[in-house]
Amino acid sequence: MRLFAYLFVPREQWCYLGECTEMGERPEAIDGHWGPWSNWSECSRSCGGGVMVSERHCDHPRPAYGGRYCIGERKRYRMCNTQSCAEDAPSFRAVQCSHFNNVSYKGELFNWSPVSTPATPCQLHCKPDGKFFSRVLKESVTDGTPCSPGARDVCINGKCRRVSCDWGIETSAQEDRCGICHGDGTRCITVHKEFTQKEGIGESASALGRFLAH
Numbered sequence: 001m002r003l004f005a006y007l008f009v010p011r012e013q014w015c016y017l018g019e020c021t022e023m024g025e026r027p028e029a030i031d032g033h034w035g036p037w038s039n040w041s042e043c044s045r046s047c048g049g050g051v052m053v054s055e056r057h058c059d060h061p062r063p064a065y066g067g068r069y070c071i072g073e074r075k076r077y078r079m080c081n082t083q084s085c086a087e088d089a090p091s092f093r094a095v096q097c098s099h100f101n102n103v104s105y106k107g108e109l110f111n112w113s114p115v116s117t118p119a120t121p122c123q124l125h126c127k128p129d130g131k132f133f134s135r136v137l138k139e140s141v142t143d144g145t146p147c148s149p150g151a152r153d154v155c156i157n158g159k160c161r162r163v164s165c166d167w168g169i170e171t172s173a174q175e176d177r178c179g180i181c182h183g184d185g186t187r188c189i190t191v192h193k194e195f196t197q198k199e200g201i202g203e204s205a206s207a208l209g210r211f212l213a214h
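Numbered by the UniProt record's numbering, the letters in the sequence shown go through residues 1 to 214 in order.
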């Protein structure tokens with residue numbers, strides 16, 4: 001025996017988004033609006049320039065009945081702990097590779113070291129010490145990892161982002177001709193020095209040079 005369920009809808013009414021309403025009528029669209037920003041997260045690094053993140057949600061209110069979704073960024077980032085690390089400290093990328101030293105790879109354990117890959121700077125590409133192959137161990141490095149050795153630009157959410165001289169992420173800050181961030185080019189220091197360079201050998205060796213540096 002087969003049972004059938006019927007939905008009775010009164011005349012001149014229809015079902016709209018699960019509700020019985022007057023035919024031709026529908027709830028007014030509700031556009032979404034952003035909620036408040038969350039507190040900043042912990043810094044991803046203790047030195048060398050880490051990243052903090054704050055996020056918000058489109059739930060004040062949520063869009064409904066065909067309303068528009070919120071426009072704008074859901075997450076925002078800022079740099080933190082920008083002081084230099086100790087000179088003998090391993091690079092942040094090397095630390096991330098070393099996390100896989102105790103993870104079996106094809107039945108063996110290896111000590112992994114970072115490999116530079118300019119085409120994909122935000123992948124964790126590592127190589128076993130003493131071996132002639134490398135592997136991508138993570139699709140995205142930890143936020144705050146420099147895009148390349150010695151660079152100020154960092155990886156955030158898997159993408160290389162420009163970090164300006166004021167440690168702002170993709171701000172308009174620039175260094176002037178004196179190397180000063182936000183400078184106007186009037187604070188250069190002129191350095192005068194002399195040096196003696198010998199050419200030839202014996203008594204004929206003599207030459208004097210001078211340079212001027214700004």
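Using N, Cα and C, we set each Cβ at its ideal position, and we do this for glycine too.
Small disclaimer: the values here were computed from a predicted structure and weren't measured.
Within the same chain, and ignoring the five residues on either side of G183 in sequence, the residues whose Cβ sits closer than 6 Å to its Cβ are D176. According to DSSP, R135 shares a beta bridge with C126. Taking all protein chains in view, the Cβ of Y105 is surrounded by fewer than 16 other Cβ atoms within 10 Å, so the residue is classified as exposed.
Residues of the same chain with a CB within less than 7 Å of the CB of S46, apart from the 5 flanking positions on each side, are N81 in chain order. V103 carries a coil assignment under DSSP once its states are collapsed to helix, strand and coil. Around the beta carbon of S172, fewer than 16 other beta carbons lie within 10 angstroms, which makes this residue exposed.
Secondary structure note for R78: its beta strand (DSSP E) is the uninterrupted segment 75 to 80. Out of C122, F110, A119, T117, the CA that lies nearest to the CA of G130 is found in F110.
For C97, the enclosing alpha helix (DSSP H) begins and ends at 92 to 98. Of the residues assessed, C178 falls on the exposed side of the cut-off, its CB having fewer than 16 other CB atoms within 10 angstroms. In this structure, the beta-carbon distance from P149 to S91 falls below 9 Å.
Excluding five sequence positions before and after G185, the CB atoms of its chain that fall closer than 8 Å to its own CB belong to D176, R177, C178, given in chain order.
Residue state for V51 is assigned as strand, using DSSP reduced to three classes.
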